[in-house]
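Asker:
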Amino acid sequence: MNKRIVCLLSVSVLGVCTSCKQKVPETTGSSAAGSSPIHQFELNDIDGVPVKLAAYSGKVLLLVNVASKCGYTPQYAGLQQLHEKYQADGLVVLGFPANNFGSQEPGTEEQIKDFCTTNYNVTFPMFAKISVKGDDIHPLYKFLTEAAPAHTGSPGPVTWNFNKFLVGRDGNVIGRYDSKVEPLGAELVDEIEKALAEAS
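If you're matching positions, the sequence shown starts at 5 in the numbering used here and goes up one per residue.
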């Protein structure tokens, strides 16, 4: 009787240990892909499809909070040109519609998408509307605004539409730029080219 109990306990313990060992590779694998904090975020794209930012691991990212009825809205054209010129080198421009400033992004995702494609032929990734400041700030923008870029800018809230955050291949925020900084301006382009030149 006692031998049977000991035997059963041994088998149970062995089963638990075996189960633990089988789970380790899964955990390790998931953390290895996109280990930088920014790569842990998941958002819906403008069509409502979930996108993990880990998909952009090893890329240089330019994240921009955009709006359709803003004085800076024509910057869509420059952002699209950046996308076309540097995409093959590893740059990904990401647009995040937000209605935080002057209610200048009041439309639905469908309306925003139609506006961008019709007026600016936007083909870079666009996401569903989020909040980029205030009590309901999206966790991604909470992360971005609390970061201290190595080259330019400092921690602090987004100030208006078309603020820009530059993220290096390693997932670290390396620059942030005011709305007045044009997408094709030397200040931003120089930093993008430096970031692209660095190995992932």
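For each residue, glycine too, the CB sits at the ideal point set by N, CA and C.
#1: Please give the ranges of any alpha helix (DSSP H) in the stretch 78–135, keeping only runs that are unbroken, at least 4 residues long and fully inside the region.
#2: Should Phe100 and Ile134 be called a contact, given that it needs their Cβ atoms to be closer than 8 Å?
#3: Under 8 Å, do Thr127 and Gln84 count as touching if we go by C-beta distance?
#4: Three or more C-beta pairs closer than 8 Å, one from the stretch 110–121 and one from the stretch 142–154: is that the case here?
#5: With 16 other CB atoms within 10 Å as the buried threshold, where does Gly189 fall?
#6: Would you kindly check if the distance between the Cβ of Gly172 and the Cβ of Ala199 is under 8 Å?
#7: Evaluate Asn69 with the Cβ neighbour count: other Cβ atoms within 10 Å of its Cβ, from every protein chain shown; 16 or more gives buried, anything less gives exposed.
#8: Could you spell out where the alpha helix (DSSP H) holding Tyr60 opens and where it closes?
#9: Measuring CA to CA, which of Leu98, Ile42 and Leu66 is closest to Val193?
#10: Going by C-alpha distance, which of Thr163, Tyr181, Asp139 and Val136 is nearest Ala154?
#11: Determine the closest residue to Ser72 out of Asn103, Asn125, Ala59 and Ala201, with distance taken between C-alpha atoms.
Answerer: So, from the listed chains and residues:
#1: Those alpha helix (DSSP H) runs which fall completely within the stretch 78–135 and span 4+ residues are 79–90 and 113–124.
#2: The Cβ atoms of Phe100 and Ile134 lie closer than 8 Å to each other.
#3: A distance below 8 Å separates the beta carbons of Thr127 and Gln84.
#4: Because the criterion of three Cβ pairs below 8 Å is not met, the stretch 110–121 and the stretch 142–154 do not touch.
#5: Exposed.
#6: Here Ala199 is near Gly172, since their CB atoms are less than 8 Å apart.
#7: With 16 or more other Cβ atoms within 10 Å, it is buried.
#8: From DSSP, Tyr60 is part of no alpha helix (DSSP H); its letter is neither H nor E.
#9: The candidate whose alpha carbon is nearest that of Val193 is Leu66.
#10: The closest CA to that of Ala154, considering only Thr163, Tyr181, Asp139 and Val136, is found on Tyr181.
#11: Distances from the alpha-carbon of Ser72 to those of Asn103, Asn125, Ala59 and Ala201 put Asn103 closest.
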